[in-house]
Amino acid sequence: MIEPYLRELEAELGAVGIRGSLRRRILAETADHLHESGDATSFGEPKLVAFRFADELATSGARRVAFTSFLALAPAGIAYTVLVGLIRTWPDIASARLLPVAIGAALAMVLAPQVAFAAGLLTVAQAWRLRSETSAPAAEVTLLRRRAAVALGSGVAAFAGIAVYAYEYSSGLAGWWATTAFVVSGAALIPIGGAAVALARNAQVRPQAAGSAGDVFDDVAPIVDRIPLNLRGRPWRFCLLVATAVAVAALIGGGLDEGPRNAVAEFVAVCVAFAALGRFLGLRH
Amino acid sequence: MRAETLKGHLDFLLLAIVADEPAHGYRIIEALKRRSAGAFDLPEGTVYPALHRLEQSGLLASSWASGSGRRRRVYRLTARGRRALAGARREWRGFTKAVEAVVA
């Protein structure tokens, strides 16, 4: 009676993505329990037990990975800002070793950190909203993983971009800056890579709980609900508000020379990113 | 008692049981039944995911031990778990006191 139960539980755990040492441990604990109790029926149906494991471990694991990702990206973001701030004179765009590669690196340098920042904030806001959930709906866990993946992937793109940029424009940049860029990029990729591995491991477990995922208005409800613009359920209005705020920041930061151009570029970039990633990141349905 | 009623309190109950002494899953479930006079008679397999989750959250730690000729996983409370339990106890006492004051 015990052996057939364990075999069925083993199959059900595999079906929800729980394999390897974790599955062996669960089976060993179950075997010990069943030998003590002698009653497999009171343990619960194998499928339901496997679902319960998947739901609980996926939820708590994804939440932990979300916070870990944020902790990996936050200091990396500060290092990035300092590093870029240390460039006194930007090299001539045509002085690159290979121009198309250099342009790609420059774009990654400019856009990827912003996507990483936004996705990282969304990730941590959602993880905080789910902080007391023992088993969130599968859709919610999937969204949390997606946001973390985009944040980490953009973080990698940002630092890869800055390293390639330093190489491509090494003739026009100070030697110490290029060396620092390589070192900082390498150092930043270690915690980001660690978080990515943890995310990949968590993503193997497939939660089963029914229900829908929340959206950005649930994640940032304490802020959104205080803005008297009736934003809930109006994602594009929310997008325009964020794009305007970013554009104003770019206008102020860029001064009279570059401010207006940067503001327009940032406004467009936020709207394009919202259109491209909005559904994927749960910003709009 | 319905499992739904227990939802939200299971972590607190498990931490309280393990706080007394390190124990393996079967013993924890038996203690849960015994100390609640049978009120908390859950499907036993549902307790293990909670134990794993509490360990993943750093509130419990576990290690293998040998007993009755079998390997068994023994859970114990961590320092973080002890703090969480103290907080949950304070919250629970405040809650029951307030409910009692209203319904008594």
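Order-wise, the sequence lines are chains H and S.
Our numbering numbers the first residue of the first sequence as 150 and each following residue consecutively.
Our numbering numbers the first residue of the second sequence as 127 and each following residue consecutively.
Glycine included, every Cβ here is placed at the ideal spot set by N, Cα and C.
(1) Can you tell me whether Arg-237/H is helix, strand or coil according to DSSP?
(2) Return yes when the Cβ of Arg-199/S is within less than 8 Å of the Cβ of His-150/S, no when it is not.
(3) Using Cβ-Cβ distances below 7 Å, what residues of the stretch 162-178 of chain S are close to chain H?
(4) 8 Å is my cut-off, CB to CB: does His-135/S come that close to chain H?
(5) If you run the structure through DSSP and keep just helix, strand and coil, what is Leu-186/S?
(6) What in chain H is Cβ-close to Arg-198/S, meaning under 7 Å?
(7) Provide the residue(s) that pair with Val-332/H in DSSP beta bridges, ordered along the chain.
(8) Counting only the same chain and skipping the five closest in sequence on each side, list residues whose C-beta sits under 8 Å from that of Ala-215/H.
(9) Check the Cβ of Arg-174/H against every Cβ in chain S and list those closer than 8 Å, keeping chain order.
(10) What did DSSP end up calling Val-200/S once you bin it into helix, strand or coil?
(11) Using the three-state DSSP reduction, which class does Ser-192/S fall into: helix, strand or coil?
(12) Would you say Ser-183/S faces chain H, with C-beta separation under 8 Å as the test?
(13) In the DSSP output, which residue or residues are listed as bridge partners for His-182/H?
(14) Can you list, in chain order, the residues of the stretch 207-218 of chain S whose Cβ is nearer than 9 Å to any Cβ on chain H?
(15) Which chain S residues sit within Cβ distance under 7 Å of Glu-185/H?
(16) Taking the Cβ atom as the reference point for each residue, do Glu-170/S and Ser-284/H lie within a distance shorter than 8 Å?
(17) From the DSSP output, in three-state form, read off His-434/H for me.
(18) I want to verify the contact list: residues of chain S whose CB lies under 8 Å from the CB of Phe-202/H, in sequence order.
(19) Relative to the C-alpha of Ala-337/H, which candidate in Pro-195/H, Ala-345/H, Gln-353/H and Leu-222/H has its C-alpha closest?
(20) Are the stretch 200-214 of chain H and the stretch 178-191 of chain S touching, with three or more C-beta to C-beta distances below 8 Å?
(21) Between the stretch 252-271 of chain H and the stretch 342-358 of chain H, do three or more beta carbon pairs fall short of 8 Å?
(22) Express the C-alpha separation of Gly-403/H and Phe-416/H in angstroms, rounding to a whole number.
(23) Let me check one thing: in DSSP terms, what residues is His-150/S bridge-paired to?
(24) Looking at the secondary structure, which residues open and close the alpha helix (DSSP H) in which Arg-206/S lies?
(25) Please classify Ala-306/H as buried or exposed, where buried requires at least 16 other C-beta atoms within 10 Å of its C-beta.
(26) Going along chain S in order, which residues have a C-beta closer than 7 Å to the C-beta of Thr-291/H?
(27) Is any beta-carbon of chain S found at less than 8 Å from that of Gly-163/H?
(28) Anything in the stretch 343-362 of chain H with a Cβ closer than 9 Å to a Cβ of chain S? List those residues in chain order, please.
In brief:
(1) Within the first sequence, the letter at position 88 stands for residue 237/H. When secondary structure is reduced to three states using DSSP, Arg-237/H falls in the coil class, being assigned neither helix nor strand.
(2) As a first step, residue 150/S is located in the second sequence; it is residue number 24 there, counting from the start. As a first step, residue 199/S is located in the second sequence; it is residue number 73 there, counting from the start. Yes, they are a contact pair.
(3) Those residues of the stretch 162-178 of chain S that come within reach of chain H (Cβ to Cβ, closer than 7 Å) are Pro-169, Glu-170, Gly-171, Thr-172, Tyr-174, Pro-175, Ala-176 and His-178.
(4) For the purposes of this step, residue 135/S is taken as the residue at position 9 of the second sequence. It does not; no Cβ of chain H falls within 8 Å.
(5) If you number the second sequence from 1, residue 186/S lands on position 60. Note: Leu-186/S maps to strand in three-state DSSP.
(6) Within the second sequence, the letter at position 72 stands for residue 198/S. The contact set of Arg-198/S on chain H, defined by CB atoms closer than 7 Å, consists of Asp-181 in chain order.
(7) Taking the first residue of the first sequence as 1, we reach residue 332/H at position 183. BP columns for Val-332/H are empty, so no partner.
(8) Against the first sequence, residue 215/H aligns to sequence position 66. Closer than 8 Å at Cβ, skipping near neighbours: Thr-272, Val-273, Gln-275, Ala-276, Leu-293, Arg-296 and Ala-297.
(9) Counted from its first residue, the first sequence places residue 174/H at position 25. Result: Arg-199.
(10) For this step, residue 200/S is matched to residue 74 along the second sequence. Secondary structure of Val-200/S (DSSP, three-state): strand.
(11) Walking along the second sequence from the start, residue 192/S turns up at place 66. If DSSP states are grouped into helix, strand and coil, Ser-192/S belongs with the strands.
(12) By 1-based counting over the second sequence, the position of residue 183/S is 57. A Cβ of chain H is located within less than 8 Å of the beta carbon of Ser-183/S.
(13) As a position in the first sequence, residue 182/H is number 33, starting the count at 1. For His-182/H, which the question treats as bridged, DSSP gives no partner whatsoever.
(14) Result list empty, no residue passes.
(15) By one-based count along the first sequence, residue 185/H stands at place 36. Contact note: Glu-185/H reaches chain S through Tyr-152, using a C-beta cutoff of 7 Å and chain order.
(16) Residue numbering aside, residue 170/S sits at position 44 when the second sequence is read from its first letter. Residue numbering aside, residue 284/H sits at position 135 when the first sequence is read from its first letter. Not closer than 8 Å, so no.
(17) Along the first sequence, one-based indexing puts residue 434/H at 285. Correct three-state label for His-434/H: coil.
(18) Taking the first sequence and counting its residues from 1, the one referred to as residue 202/H is at position 53. Chain S residues near Phe-202/H: Tyr-174, Pro-175 and His-178.
(19) Sequence index remark: in the first sequence, residue 337/H carries index 188 (1-based). It is Leu-222/H whose Cα lies nearest to the Cα of Ala-337/H.
(20) In this structure the stretch 200-214 of chain H lies against the stretch 178-191 of chain S, because at least three pairs of beta carbons, one per stretch, are closer than 8 Å.
(21) No: the two stretches stay apart, fewer than three of their Cβ pairs being nearer than 8 Å.
(22) Residue numbering aside, residue 416/H sits at position 267 when the first sequence is read from its first letter. Residue numbering aside, residue 403/H sits at position 254 when the first sequence is read from its first letter. Distance from the CA of Phe-416/H to the CA of Gly-403/H, rounded to the nearest whole angstrom, comes to 14 Å.
(23) The residue you call residue 150/S lines up with position 24 of the second sequence. His-150/S pairs with Val-200/S.
(24) Numbered from its first residue, the second sequence carries residue 206/S at position 80. That run of the alpha helix (DSSP H) goes 205-229.
(25) Within the first sequence, numbered from 1, the residue matching residue 306/H stands at position 157. It counts as buried.
(26) One-based indexing of the first sequence puts residue 291/H at position 142. Residues of chain S passing the Cβ test: none, with the nearest at roughly 18 Å.
(27) Position 14 of the first sequence, counting from 1, holds the residue named residue 163/H. At a cut-off of 8 Å, the C-beta of Gly-163/H has no neighbouring C-beta in chain S.
(28) Cβ contacts with chain S: none found.
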